[in-house]
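Sequential numbering of the first sequence, starting at 1, is according to the UniProt record's numbering.
Note that beta-carbon positions come from the ideal geometry of N, C-alpha and C, so glycine has one too.
Some notes on the structure that comes next.
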Amino acid sequence: MPESVIFLDYLFILVPKLVSKSAIVKRQLYEKQGAKCFYNLSSIGKGKDQKNSNDKVVIVLQNYKSLRDKINKDFLVKCLDIEYDDRSFSLKSIVLKYPIVKNDWIVESLKAGKVLPLQQFAYDISHVRVDSEISQDYLLELSDRSTKARKISEIKNQDGPATKQIKLEDTDELEKALASLSNREKFKRDNQDNDDEDDEDLLADYMAVSKNVSGPNKEIIFFFNKMANEYKQVGESYKYVNYRKAINTISKLDYPLKTYDEAIKLPNIGKSLALKIEEINKTHKLSKLFFLQNDIKYSTLNKFMKIYSVGPTIAKNWYDRGYRTIEDIEKKVDNLTSNQKLGIKYYNDWNSKIPREEVTQHYEFVKNIALKEVDSKLEIFIMGSYRRGLPECGDIDILITKKNCNDKSELAAILSKLISRLKSKDHNNYIQCSLIHSGINSKSLKFYGGCLINENSKCRRIDFLMVPYEELGASLIYFTGNDIFNRIIRTIAIKKGLNLSNIGLTFKKTGEKCIENSHDEKTIFDYLGIKYRNPEDRNIGY
DNA sequence: TAAAGGCGTCG
DNA sequence: CGACGCCT
């Protein structure tokens with residue numbers, strides 16, 4: 001026996017605490033192998049076994065396979081009996097201190113007759129959901145389960161063979177594992193099933209998106225794009241921008257980015273992004289991404305912010321008040337703005353992409369009405385992602401100008417007339433709703449709303465922008481984007497002491513115009529000292 | 001450490 | 001008018 005004592009320097013925290021006979025038999029087996037066993041962190045050293053300074057503490061998830069869906073932050077916090085801190089990342093500090101492994105680490109180690117490396121059995125903390133309601137219920141259920149099961153079997157049969165059977169089954173499994181290697185494949189299969197499924201989901205996702213991305217670093221770009229979108233949707237706009245800029249840097253490389261050291265030297269890539277690049281290359285996963293996607297707080301903020309007119313402040317406020325679903329919001333929030341109500345009404349429609357071909361249809365439809373029924377001298381362009389050549393668009397952006405017309409009230413009147421025509425029954429109420437209230441006498445040069453091209457279609461977001469002719473160049477740049485491109489060239493302007501907006505290019509200090517009449521974009525590019533870029537080349541960062 | 005800029009809506 | 005959100 002002495003030579004088989006492999007866990008001599010180990011201290012196991014067994015979670016959750018299971019009191020079934022089989023669990024206790026297992027615990028005794030671990031102890032025979034030299035391990036000290038506890039059920040939570042705070043009881044270490046309180047029992048007969050004292051912690052030695054060289055003891056390696058390992059948190060072992062018992063019955064991992066059947067519990068994996070139930071494990072979340074509150075579950076672990078409660079099991080480990082640690083101080084609860086509601087910040088999303090508090091578990092990280094524990095994990096840094098003590099490894100968390102699935103129980104097959106013990107099983108496989110026993111089979112191998114030696115302690116196997118923890119890494120390959122490590123429980124991925126990034127999967128841990130922060131979800132108090134589910135886990136509280138589950139913990140209650142769990143604490144009863146084994147006693148309940150035993151009681152039922154005892155009632156069925158007073159001699160208790162059922163109990164014995166449970167015990168035999170579980171210890172059998174372990175003994176089989178110890179005794180024979182023929183089970184090795186089965187164990188492997190059983191325990192890797194779920195991970196394989198995760199990988200397949202990821203792969204499908206990856207394949208779908210990677211159609212649009214090629215090059216030696218497409219995997220990194222894929223993950224960084226996911227991170228960018230995740231951060232955008234929870235209101236972390238600087239992180240969003242930084243990821244997009246990093247993608248821009250990486251997508252220019254013609255060689256695969258392999259190491260931290262290579263990455264850190266590149267512009268727009270700092271320590272944390274370089275580490276993530278290394279993680280992606282090693283594991284083909286990004287734990288932070290899975291954390292964000294599975295964290296109840298982040299996914300709820302994400303959900304709320306997809307409502308038009310709900311930003312980070314309101315989403316956080318709702319989250320803090322305990323709201324978790326769109327239904328909660330509809331029922332319990334009594335001060336929704338009219339735009340937010342529309343955002344909920346059209347939640348699905350406005351979160352769907354629009355095929356490029358449909359945008360073309362809208363363009364033809366609006367152009368026709370504008371020229372025939374409003375003013376034949378108008379010039380009408382589709383902007384945004386459409387002008388940048390993308391196959392799908394988030395919305396429909398229409399810029400309208402009139403040659404040599406700088407009269408804003410005339411332009412406003414044109415817009416009012418156009419909108420009222422598009423709202424009319426003559427055109428099947430094409431405009432369904434307004435997000436910027438532009439009445440017939442509105443002086444606004446903008447209109448945002450929802451529109452319907454035909455009965456079978458979805459309601460689409462449409463934006464109109466009336467532009468004085470002298471502002472056309474700056475407006476074309478602004479309304480073409482993308483957002484990151486705009487920020488980059490505006491930053492270039494700042495560095496030259498200038499200010500670039502949709503109105504024009506001015507001197508930062510005096511506010512005077514740099515260019516009197518900038519009808520075209522090229523003049524502005526020239527003044528900034530940068531080469532003209534076609535709209536298709538302004539898709540910065542994915 | 002800094003990070004784009006203008007404008008509409010709400011209270 | 002400040003805070004918030006939206007547009008690229």
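In the DSSP annotation of this structure, Y98 is not part of any beta strand (DSSP E), being labelled neither H nor E. When secondary structure is reduced to three states using DSSP, M466 falls in the strand class. Under the three-state reduction of DSSP output, I326 falls in the helix class. Here DSSP, grouped into helix, strand and coil, assigns I264 to helix.
Unbroken beta strand (DSSP E) stretches of 3 residues or longer found wholly inside the stretch 469-521: 498-500 and 505-507, given in chain order. When G497, I488 and D520 are compared, the shortest CA-CA separation from I503 is found for D520.
Here DSSP, grouped into helix, strand and coil, assigns K36 to strand. Under the three-state reduction of DSSP, I247 is assigned to helix. By the C-beta density criterion, V5 is exposed, having fewer than 16 other C-beta atoms within 10 angstroms. Proximity to N225 across K276, C514 and G389 peaks at K276, based on C-alpha coordinates.
In this structure L411 is buried. Its beta-carbon is surrounded by 16 or more other beta-carbon atoms within 10 angstroms. In the structure shown, the three-state DSSP call for K56 is strand. Its Cα nearest to that of L399, the residue F381 stands out among Y386, C393 and F381. In the displayed model, R68 falls within coil according to three-state DSSP, outside both helix and strand. With a cutoff of 7 Å on beta-carbon distance, L336 and A315 are scored as not near each other. Counting the other Cβ atoms within 10 Å of the Cβ of P256 gives fewer than 16, which makes it exposed. Judged by DSSP in its simplified three-state form, F381 adopts strand.
With respect to the 7 Å criterion, Y469 and N406 are classified as neighbours on the basis of their beta carbons. Under the three-state reduction of DSSP, F447 is assigned to strand.
Around Y298, the same chain offers V234 and L292 as residues with beta carbons nearer than 6 Å, after the five sequence neighbours per side are excluded. Comparing alpha carbon positions, the residue from N52, L76 and D55 closest to L61 is L76. With contact defined as three or more Cβ pairs closer than 8 Å, the stretch 477-487 and the stretch 449-461 are not in contact. In this structure I221 is buried. Its beta-carbon is surrounded by 16 or more other beta-carbon atoms within 10 angstroms.
Following the DSSP letters along the chain, one finds K276 inside the alpha helix (DSSP H) bounded by residues K271 to T283. In this chain, F7 is not harboured by any beta strand (DSSP E), its DSSP state being neither H nor E. CA-to-CA, the gap between E230 and E279 works out to about 18 Å. CA-to-CA, the gap between R356 and I488 works out to about 26 Å.
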